[in-house]
Amino acid sequence: MKLSAASFSSVTNHASNYGTYTPEALIVSSNFHDKPLQLSCGLNAKILVSRCKMFQSLRRHKQAFQLTFIISAVRNGNDEHESTTSAYSDDQSLTISKNNCKIKDTYKEIDASSLYLREDHSKHAQIHGNLLDKLKAIRLHALAMEQWNASRLKQCHGRHAISAANLIHYMALRSLDVDQIKDELSSVGLLNLETINPYVIASLSAGIQMLENLKSTSLGGSEKGKAGDRSEFTMSMMTNKANSNRDFLIGPLQDERIHIMVTVGGEAISNETFIIDVLKKGATIIRINCAHGDPSIWSEIIRRVKMSSQMLEIPCRILMDLAGPKLRTGKMKPGPCVIKISPKKNEYGNMITAAQVWVAQKGAGPPPSHVSPDAVLYVDGQDFLTNIETGDTVKFSDARGKQRSLRISKKFPVFNGVGFMADCAKTCYVQNGTKLYAKGDKKRAAFGCVVDVPPTETFVRLRVGDLLVITRNEELTCSTPRVTCSSGYLFDSVKPGEPIAFDDGKIWGVIKGASISEIVVSITRAGPRGTKLGPEKSINIPESKIQYEGLTSKDIIDLDFVGTHADIVGISFVRNVNDIVVLQQELEKMKLEHLGVVLKIETKDGLKNLAVLILEAMKLPNPLGVMIARGDLAVECGWELMADIQEQILSICSAAHVPVIWATQVLESLVKSGVPTRAEITDVACGRRASCIMLNKGKHILEAIATLDTILRSSSTIAKVKAEVKPLVISNHLS
1 MKLSAASFSS VTNHASNYGT YTPEALIVSS NFHDKPLQLS CGLNAKILVS RCKMFQSLRR
61 HKQAFQLTFI ISAVRNGNDE HESTTSAYSD DQSLTISKNN CKIKDTYKEI DASSLYLRED
121 HSKHAQIHGN LLDKLKAIRL HALAMEQWNA SRLKQCHGRH AISAANLIHY MALRSLDVDQ
181 IKDELSSVGL LNLETINPYV IASLSAGIQM LENLKSTSLG GSEKGKAGDR SEFTMSMMTN
241 KANSNRDFLI GPLQDERIHI MVTVGGEAIS NETFIIDVLK KGATIIRINC AHGDPSIWSE
301 IIRRVKMSSQ MLEIPCRILM DLAGPKLRTG KMKPGPCVIK ISPKKNEYGN MITAAQVWVA
361 QKGAGPPPSH VSPDAVLYVD GQDFLTNIET GDTVKFSDAR GKQRSLRISK KFPVFNGVGF
421 MADCAKTCYV QNGTKLYAKG DKKRAAFGCV VDVPPTETFV RLRVGDLLVI TRNEELTCST
481 PRVTCSSGYL FDSVKPGEPI AFDDGKIWGV IKGASISEIV VSITRAGPRG TKLGPEKSIN
541 IPESKIQYEG LTSKDIIDLD FVGTHADIVG ISFVRNVNDI VVLQQELEKM KLEHLGVVLK
601 IETKDGLKNL AVLILEAMKL PNPLGVMIAR GDLAVECGWE LMADIQEQIL SICSAAHVPV
661 IWATQVLESL VKSGVPTRAE ITDVACGRRA SCIMLNKGKH ILEAIATLDT ILRSSSTIAK
721 VKAEVKPLVI SNHLS
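Those letters in the sequence shown? Residues 1 to 735, by the UniProt record's numbering.
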């Protein structure tokens with residue numbers, strides 16, 4: 001959009017000519033790939049509202065166009081003009097039509113370097129004047145957008161009013177191509193338009209004021225221009241508002257370090273000290289996924305979190321994610337209850353180190369956090385563990401009938417008595433009912449029976465070229481690999497030729513055929529040796545027009561529990577305004593105005609409509625936040641766009657003063673294997689701009705929390721880490 005400095009009153013005076021507009025028509029498009037509107041200099045300070053004839057022709061379309069804003073600009077010194085008309089349709093996209101008249105352009109480029117190379121004060125004044133006109137045009141464009149969305153702003157809750165207005169100002173700024181003016185502002189040492197998101201109008205007004213002062217000085221005048229700054233949009237107020245919104249949702253910062261959120265599940269119940277260890281390592285928010293477990297498990301986790309938080313005097317909030325309408329593979333028939341124990345061997349098959357086995361009484365819980373065994377065996381037998389000591393040998397016959405033994409190496413005290421670490425030098429398979437015999441020096445033999453061996457993981461291994469059948473119900477006999485999905489949305493939405501992804505994009509395929517009861521998929525991407533696909537894994541259909549409800553019946557039931565027990569609720573797969581409206585109705589019905597709300601952005605529609613979703617959610621009095629759910633979002637939008645997408649979400653949320661949660665695969669290698677990758681460390685560094693970073697559960701979660709805490713604390717210190725570079729020594733002799 002070509003604009004210049006303009007009279008704001010000329011826009012507002014014509015506002016009544018436009019009639020009303022619908023809430024869905026936002027001031028600017030939030031589409032990720034929108035082409036920015038152009039901003040040029042050399043324009044007269046005049047904004048014209050399009051003629052009623054144009055407006056009436058658009059109004060005749062009714063549903064085709066839901067108009068919110070039309071603007072035209074006139075060039076200096078000519079009656080002929082180039083008009084740019086913009087309208088916003090009901091799909092929240094921006095429509096542009098241009099009427100280019102023949103114009104004799106007399107504008108000449110002025111090199112910004114003349115500010116430093118010439119002493120001509122009149123030339124300085126001209127440069128400052130052109131830049132001043134552009135900056136005023138941007139500011140007035142943002143204010144015009146606010147006026148045109150006054151009805152929407154009035155619907156926002158008072159707690160969010162200032163933030164909603166600033167979001168509209170930022171989206172108006174985003175609709176302009178300001179690359180040229182960025183360079184010009186930089187050349188005179190003024191503001192950076194890339195960093196003014198939290199306080200758009202205040203920053204623009206400050207820049208205008210400084211330019212007017214420079215212009216006045218260059219002309220030798222003593223009068224200082226007024227930028228027309230509005231006191232309610234000061235930088236300090238905007239910054240305080242952003243901090244207040246963050247504290248209101250997830251709590252104040254601890255030692256200036258952003259929050260760490262940790263996902264927990266059943267392991268929080270089986271291990272008495274797990275929650276205590278998590279909080280001690282640095283977690284400040286505990287996340288529970290309602291897609292797994294049930295209210296009895298959730299209640300116990302929450303009880304332990306609150307008890308541990310109070311005991312340690314460490315503030316900790318609880319976030320519960322609603323499952324949402326996510327497509328997942330169904331449950332599979334459990335495998336046999338047997339565990340394989342294998343020592344580490346070299347290339348020749350010789351043992352390098354024995355396998356470490358934790359042996360404890362039935363019901364004793366998992367081993368201590370500082371112990372990392374390769375296998376865990378629980379034994380039922382009153383005299384067995386009391387009669388063995390370090391150095392004893394435990395003998396047994398494994399599931400194949402092979403004679404094997406364990407050598408007791410260490411003894412540890414646990415809540416229910418004692419536990420032992422044992423060495424296993426040969427591969428063995430232990431199942432439920434395996435009998436253990438222990439005999440030490442000068443002691444009678446002790447007997448115990450292995451219990452509670454979990455069933456083996458059930459999965460299908462898929463390779464490129466394989467066919468996979470997805471069915472509504474499990475079928476016991478079939479030669480082709482099969483998985484189930486109970487959601488009817490999947491079978492009603494897909495068509496042959498469309499792509500489909502499993503397990504956060506680890507496996508990809510193309511749909512070959514579909515019916516109301518089954519879908520046939522040809523696998524196009526998997527690991528070289530095949531990739532496992534197990535139960536409860538995600539299914540994504542990025543190009544299918546799937547229609548599903550925002551809050552499922554399960555979500556509504558779970559929301560009642562969340563409102564009673566948790567501090568924050570995560571809303572999964574938010575796509576459009578209707579999802580927020582349904583949420584608002586349920587929150588009002590349950591009187592949950594103090595429950596924090598986090599919008600999880602994990603679909604194309606959610607990304608496209610982000611600004612609209614935030615403004616709609618601001619009608620609620622509830623604390624508000626956004627989660628960048630990078631797993632599903634990457635599959636839906638494309639891996640190659642994720643870096644730009646997360647930047648866009650951070651920028652929009654910064655303008656709205658909405659705290660952001662940086663989620664999915666943070667330090668994943670460290671969590672699962674105990675060793676981080678270098679890319680994971682730099683990913684955490686990027687995530688420091690968010691208000692909270694989330695870790696998923698894994699075997700080495702405590703190490704991951706400690707590492708993340710160390711990185712975040714080092715970044716929050718005042719002293720900057722300097723590179724260790726040796727001083728340059730200049731020699732007096734030439735070699």
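Think of the CB as a built atom: it goes at the ideal place given N, C-alpha and C, for glycine as much as any other residue.
inquiry  = Would Ala165 and Leu173 be called neighbours here (beta carbons separated by less than 8 angstroms)?
reply    = Counted from its first residue, the sequence shown places residue 165 at position 165. Counted from its first residue, the sequence shown places residue 173 at position 173. For Ala165 and Leu173, no; Cβs fall outside 8 angstroms.
With 16 other Cβ atoms within 10 Å as the buried cut-off, status of Asp179 = Your numbering for residue 179 matches position 179 in the sequence shown. Answer is exposed; the Cβ neighbour count stays below 16.
ask   = Can you name the residues that DSSP bridges to Ser538?
value = On the sequence shown, residue 538 is found 538 positions in, with the first residue counted as 1. For Ser538, which the question treats as bridged, DSSP gives the partners Arg328.
Pair within 8 angstroms by beta-carbon distance, Gly687 and Ile681 = Here residue 687 corresponds to residue number 687 of the sequence shown, with the count starting at 1. Here residue 681 corresponds to residue number 681 of the sequence shown, with the count starting at 1. No, Cβ-Cβ distance for Gly687 and Ile681 is not below 8 angstroms.
Same chain, Cβ closer than 6 angstroms to Val278, five either side skipped, listed in chain order = Here residue 278 corresponds to residue number 278 of the sequence shown, with the count starting at 1. Cβ neighbours of Val278 beyond the five flanking positions: Val262.
request  = Would you decide whether Val675 is buried or exposed? Buried here means 16 or more other CB atoms lie within 10 Å of its CB.
outcome  = The count along the sequence shown starts at 1 and reaches residue 675 at position 675. By the neighbour-count rule (16 or more Cβ atoms within 10 Å), Val675 is not buried but exposed.
request  = Please work out which residues of its chain come closer than 6 angstroms, Cβ to Cβ, to Ala656, disregarding the five sequence neighbours upstream and downstream, and give them in chain order.
outcome  = Mapped onto the sequence shown, residue 656 falls at position 656. Within the same chain, Ala656 has close Cβ partners Ser163, Leu167 and Ile614.
task = Give the straight-line distance between the Cα atoms of Leu190 and Ile201, rounded to the nearest whole angstrom.
result = Taking the sequence shown and counting its residues from 1, the one referred to as residue 190 is at position 190. Taking the sequence shown and counting its residues from 1, the one referred to as residue 201 is at position 201. Spanning the two alpha carbons is a distance of roughly 15 angstroms.
query = Hey, out of Asp321, Ile711 and Pro198, whose CA is closest to Arg287's CA?
reply = Along the sequence shown, one-based indexing puts residue 287 at 287. Looking at the Cα atoms, Asp321 is the closest of the given residues.
ask   = Of the choices Met421, Met235 and Met237, whose alpha-carbon is the least far from that of Pro413?
value = Working through the sequence shown from its first residue, we reach residue 413 at position 413. Ranking the options by Cα distance to Pro413, first place goes to Met421.
request  = Output the distance between the C-alpha atoms of Gly391 and Thr524, rounded to the nearest integer angstrom.
outcome  = Position 391 of the sequence shown, counted from the start, is the residue given in the question as residue 391. Position 524 of the sequence shown, counted from the start, is the residue given in the question as residue 524. Taking the straight line from one Cα to the other gives about 53 angstroms.
At least three beta-carbon pairs within less than 8 angstroms, the stretch 478-489 to the stretch 320-340 = yes
message = Our contact map puts Ile260 next to Arg304 with C-beta atoms below 8 angstroms; I'd like the distance itself, whole angstroms only.
response = As a position in the sequence shown, residue 260 is number 260, starting the count at 1. As a position in the sequence shown, residue 304 is number 304, starting the count at 1. Not a contact, Cβ separation roughly 18 angstroms.
query = Where does Asn578 sit, in a helix, a strand or coil, going by DSSP?
reply = Translated into positions along the sequence shown, residue 578 becomes position 578. Three-state DSSP puts Asn578 in a helix.
key: Neighbourhood of Leu610 by C-beta distance below 7 angstroms, restricted to the same chain and skipping five residues each side   = For the purposes of this step, residue 610 is taken as the residue at position 610 of the sequence shown. The answer, listed in chain order, is Ser30, Ile601, Ile649 and Ile652.
query = Hey, quick one: how far does the alpha helix (DSSP H) through Lys395 stretch, first residue to last?
reply = The residue labelled residue 395 in the question sits at position 395 within the sequence shown. That residue, Lys395, is in no alpha helix (DSSP H); its beta strand (DSSP E) goes Thr393 to Ser397.
Residues near Ile341 by beta carbon distance below 8 angstroms, same chain, minus five either side = The residue you call residue 341 lines up with position 341 of the sequence shown. For Ile341, where only same-chain residues beyond five positions count, the Cβ hits under 8 angstroms are Ala355, Val357, Asp374, Ala375, Cys424, Thr427, Cys428, Tyr429 and Val430.
inquiry  = Check whether the stretch 626-635 and the stretch 661-677 are in contact - that is, three or more C-beta pairs closer than 8 angstroms.
reply    = yes
inquiry  = Could you compute how far the alpha carbon of Gln646 sits from the alpha carbon of Ser654?
reply    = To locate residue 646, count along the sequence shown from 1; it is residue 646. To locate residue 654, count along the sequence shown from 1; it is residue 654. Distance between the alpha carbons of Gln646 and Ser654: 12 angstroms.
query = Which stretch, first to last residue, makes up the alpha helix (DSSP H) that contains Ile649?
reply = Position 649 of the sequence shown, counted from the first residue, corresponds to residue 649. Run containing Ile649: Met642 to Ala655, per the alpha helix (DSSP H) assignment.
query = Count the other CB atoms within 10 Å of the CB of residue 741; is the residue buried (16 or more) or exposed (fewer)?
reply = The question about residue 741 has no answer, for the chain in this structure spans 1 to 735.
task = In angstroms with no decimal places, state the Cα-to-Cα distance between Tyr489 and Lys545.
result = What you label residue 489 is simply residue 489 of the sequence shown in a count that begins at 1. What you label residue 545 is simply residue 545 of the sequence shown in a count that begins at 1. C-alpha separation (whole angstroms): 10 angstroms.
Residue ranges of each beta strand (DSSP E) within the stretch 290-369, 3 or longer = 317-321, 338-341, 351-353 and 355-361
query = Taking the Cβ atom as the reference point for each residue, do Val510 and Gly497 lie within a distance shorter than 8 angstroms?
reply = If you number the sequence shown from 1, residue 510 lands on position 510. If you number the sequence shown from 1, residue 497 lands on position 497. The answer is yes: Cβ separation under 8 angstroms.
ask   = Can you give, in chain order, each stretch of the beta strand (DSSP E) that sits fully within the stretch 422-458 and has at least 3 residues?
value = 428-431, 435-439 and 446-451
ask   = How many angstroms separate the CA atom of Arg575 from the CA atom of Ser669?
value = Taking the sequence shown and counting its residues from 1, the one referred to as residue 575 is at position 575. Taking the sequence shown and counting its residues from 1, the one referred to as residue 669 is at position 669. Cα-Cα distance, rounded: 31 angstroms.
task = Just tell me which of Ser175, Val371, Leu211 and Ile196 has its CA closest to the CA of Val188.
result = The residue labelled residue 188 in the question sits at position 188 within the sequence shown. Checking every option, the nearest Cα to that of Val188 belongs to Leu211.
inquiry  = I need the straight-line Cα distance from Glu593 to Glu616, nearest angstrom please.
reply    = In the sequence shown, the residue the question calls residue 593 occupies position 593. In the sequence shown, the residue the question calls residue 616 occupies position 616. In a straight line, the C-alpha of Glu593 is about 15 angstroms away from that of Glu616.
request  = My understanding is that Leu587 touches Leu595, with C-beta atoms under 8 angstroms, so please give their C-beta distance in whole angstroms.
outcome  = As a first step, residue 587 is located in the sequence shown; it is residue number 587 there, counting from the start. As a first step, residue 595 is located in the sequence shown; it is residue number 595 there, counting from the start. Yes, Leu587 and Leu595 are in contact; Cβ-Cβ is about 7 angstroms, under 8 angstroms.
Three-state class that DSSP yields for Leu467 in the structure shown = What you label residue 467 is simply residue 467 of the sequence shown in a count that begins at 1. Looking at Leu467 - three-state DSSP - the assignment turns out to be strand.
query = What is the rounded straight-line gap between the Cα of Ala514 and the Cα of Lys495?
reply = For the purposes of this step, residue 514 is taken as residue 514 along the sequence shown, with counting starting at 1. For the purposes of this step, residue 495 is taken as residue 495 along the sequence shown, with counting starting at 1. Looking at the two C-alpha atoms, the distance is approximately 6 angstroms.
message = Just to confirm before moving on: does the CB-CB distance between Ser538 and Leu327 stay below 8 angstroms?
response = Position 538 of the sequence shown, counting from 1, holds the residue named residue 538. Position 327 of the sequence shown, counting from 1, holds the residue named residue 327. Yes, Cβ-Cβ distance for Ser538 and Leu327 is below 8 angstroms.
query = If you follow the beta strand (DSSP E) that Met235 is part of, which residue opens it and which one closes it?
reply = Here residue 235 is taken as the residue at index 235 of the sequence shown, counted from 1. First-last for Met235: Met235 to Ile250, but that is the alpha helix (DSSP H), not the beta strand (DSSP E).
query = Which stretch, first to last residue, makes up the alpha helix (DSSP H) that contains Lys154?
reply = Counted from its first residue, the sequence shown places residue 154 at position 154. Per DSSP, Lys154 belongs to the alpha helix (DSSP H) from Ala150 to Gln155.
message = For Leu667 and Gly530, what's the separation of their Cα atoms in angstroms?
response = By 1-based counting over the sequence shown, the position of residue 667 is 667. By 1-based counting over the sequence shown, the position of residue 530 is 530. Cα-Cα distance, rounded: 24 angstroms.
inquiry  = Using C-beta distances below 6 angstroms, list every residue in its chain close to Trp508, excluding the 5 sequence neighbours before and after it, in chain order.
reply    = To locate residue 508, count along the sequence shown from 1; it is residue 508. So the list reads Ala501, Thr524 and Arg525, once near-sequence residues are dropped.
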